[in-house]
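What follows is a single structure, written as structure tokens, with notes after it.
Residue numbers (my numbering): 149 to 356.
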């Protein structure tokens with residue numbers, strides 16, 4: 149698989165070399181090797197155990213191949229202790245890469261779920277805000293009371309803004325407590341309409 153290699157070599161770069169098959173066991177005899185680069189080839193099979201026994205190795209680049217299986221525990225331990233740099237990106241069938249891919253997918257799915265839940269909550273709150281509650285409508289009915297002529301004059305600002313005229317008289321725009329707009333219907337003494345019809349018009353104007 150490999151050309152003849154001097155036994156005392158410390159750096160081996162076979163990247164983009166068109167290599168096929170498994171990683172050669174002959175590499176383990178290079179006991180002075182510090183850097184091994186086999187990236188961007190067509191290597192298959194598992195990452196060999198002997199790589200974790202080569203004590204002088206500080207960099208192993210296996211990225212861009214078709215390796216499978218799991219990374220030997222000896223290599224993982226060396227990597228965890230900062231004794232070696234291990235590059236395996238691009239080997240889709242390696243179990244370590246599959247785990248790394250699964251975590252972002254799960255995280256993305258969870259993020260989408262949270263966003264959808266927040267949007268639904270906002271929509272529900274907006275709909276509740278727009279729809280007047282039964283309690284508020286009941287409160288409006290309960291707050292109905294009689295007003296004196298002087299109070300009505302204040303509410304309508306001395307009957308300044310007429311909104312229209314019905315069978316009972318003129319309807320005026322008014323404000324109660326400076327924050328609630330009302331329509332004030334003034335019953336004309338000369339009106340020939342009945343009290344029942346006046347109440348009917350009151351029901352129509354009430355929600356306005």
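Even for Gly, the Cβ is constructed at its ideal location relative to N, Cα and C. What you are looking at is a predicted structure, and each value in this text was computed from that prediction instead of being measured.
Bounds of any beta strand (DSSP E) do not take in residue 300; it lies within the alpha helix (DSSP H) bounded by 297-303.
For a cut-off of 8 Å, the C-beta gap from residue 192 to residue 232 is around 22 Å, too long to register as a contact. Counted as a single uninterrupted DSSP element, the stretch harbouring residue 159 is not any alpha helix (DSSP H) but the beta strand (DSSP E) occupying residues 159-161. Less than 8 Å separates the beta-carbon of residue 214 from that of residue 239.
Remark: C-beta atoms of residue 241 and residue 218 do not approach each other more closely than 8 Å.
Residue 225: member of the alpha helix (DSSP H) spanning 221-228, first to last residue. Annotation for residue 193: the continuous beta strand (DSSP E) segment containing it runs 190-194. For residue 271, there are no CB contacts under 7 Å within the same chain when 5 residues up- and downstream are skipped.
As computed with DSSP, residue 205 is found in no beta bridge at all. The shortest C-alpha to C-alpha distance from residue 166 to any of 185, 176, 300 is the one to 185. With a threshold of 16 other beta carbon atoms within 10 Å, residue 173 falls short and is exposed.
Counting the other CB atoms within 10 Å of its CB gives residue 230 a total below 16, which places it among the exposed residues. Between residue 197 and residue 222, the CB-CB gap stays under 8 Å. DSSP places residue 171 outside both helix and strand once states are collapsed to three, so it counts as coil.
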